[in-house]
Amino acid sequence: MKRILIIIAAFMTIGWGSQAVAVEMDALGGVSIHGFISQGFLTSGEYNYLAHNSKTGSFEYNEMGINFSKQVTDKLRIGAQIFSRDLGDVGNNKVTIDWA
Numbered sequence: 001m002k003r004i005l006i007i008i009a010a011f012m013t014i015g016w017g018s019q020a021v022a023v024e025m026d027a028l029g030g031v032s033i034h035g036f037i038s039q040g041f042l043t044s045g046e047y048n049y050l051a052h053n054s055k056t057g058s059f060e061y062n063e064m065g066i067n068f069s070k071q072v073t074d075k076l077r078i079g080a081q082i083f084s085r086d087l088g089d090v091g092n093n094k095v096t097i098d099w100a
């Protein structure tokens with residue numbers, strides 16, 4: 001079972017490469033919207049690392065974010081990013097403002 005999960009994770013990483021997507025919406029007054037999603041798989045042969053069950057493998061590692069920006073003047077751009085992550089006991093997909 002563990003080998004199958006590793007093969008599936010490798011296929012998803014190699015076979016389904018993601019593309020960065022940026023959107024600029026004129027309906028929102030030129031606000032640019034960018035985002036990302038990342039999923040990881042952890043496995044450890046000797047001890048649990050960053051997750052409670054990494055000896056058997058864990059998908060308990062992901063990050064996602066979306067950011068918004070707008071060019072206000074020629075010399076001023078404003079923006080903010082909303083970020084969420086799960087890394088074992090850290091984050092647990094709590095949504096935070098990463099930067100503004």
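Those letters in the sequence shown? Residues 1 to 100, by UniProt numbering.
Even glycine gets a Cβ: it sits at the ideal position worked out from N, Cα and C.
This structure is a prediction, so every number in the text was calculated from the model and none was measured.
Checklist entry - Since Tyr61 sits in a beta bridge, which residues does DSSP pair it with? => result Gly40 and Leu87
Item to check | 6 Å Cβ shell around Gly35 - same chain, five flanking residues per side excluded | outcome: Ile66
Checklist entry - Ordered along the chain, which non-local residues of its own chain (more than five positions away) have a Cβ less than 8 Å from that of Thr96? => result Ile82, Phe83 and Ser84
Item to check | residue 108, enclosing beta strand (DSSP E) - first and last residue | outcome: In this structure the chain extends from 1 to 100, so residue 108 is not present and cannot be described.
Item to check | Best match in Gly45, Glu63 and Asp89 for proximity to Gln39 [C-alpha to C-alpha] | outcome: Glu63
Item to check | Among Glu60, Lys55 and Gly29, the one whose alpha carbon lies nearest that of Val90 | outcome: Glu60
Checklist entry - How would you call Asp74, buried or exposed, if buried means at least 16 neighbouring beta carbons within 10 angstroms? => result exposed
Checklist entry - Under the criterion of a Cβ to heavy atom distance below 8 Å, does Val72 qualify as lining the ligand MG? => result This structure simply doesn't include the ligand MG, nor any ligand for that matter.
Next on the checklist: Using 9 Å as the threshold, is the C-beta distance between Asp86 and Asn92 below it?
Outcome noted: yes
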